[in-house]
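Here is the structure we will look at, set down as structure tokens.
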Amino acid sequence: MHTFKVEAMSCGHCAASVTRAVQSVDAQAKVQVDLAQGRVQVESTASTDALARAIVEAGYPAQPEAGSS
């Protein structure tokens, strides 16, 4: 499980954009977006770096949280 702190997410469109970005790296990824906490959890075999890079490229600053695999 990968967990990211993602800034600048405020609506359903943001959540959908982040989900699409993650799934562009791993189409089978399961994505849970918590807008209130600014947190994204991803169940994926892709690397944390690849997932974070995809989220950043979609326009949302993302930082892996401690303990993220």
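Here the sequence shown stands for residues 15 to 83, where the numbers follow my numbering. Yeah, the Cβ is synthetic: ideal placement off N, Cα and C, and Gly gets one too.
- Per DSSP, the unbroken alpha helix (DSSP H) holding residue 63 starts and ends at 62 to 71.
- For residue 37, the enclosing alpha helix (DSSP H) stretches over residues 26 to 39.
- Burial state of residue 16 is buried, judged by a 10 Å Cβ sphere holding 16 or more other Cβ atoms.
- Non-local beta-carbon contacts of residue 64 in its own chain, meaning distances under 6 Å to residues more than five positions away in sequence, involve 39 in chain order.
- For residue 18, the closest C-alpha among the options 41, 32 and 59 is that of 32.
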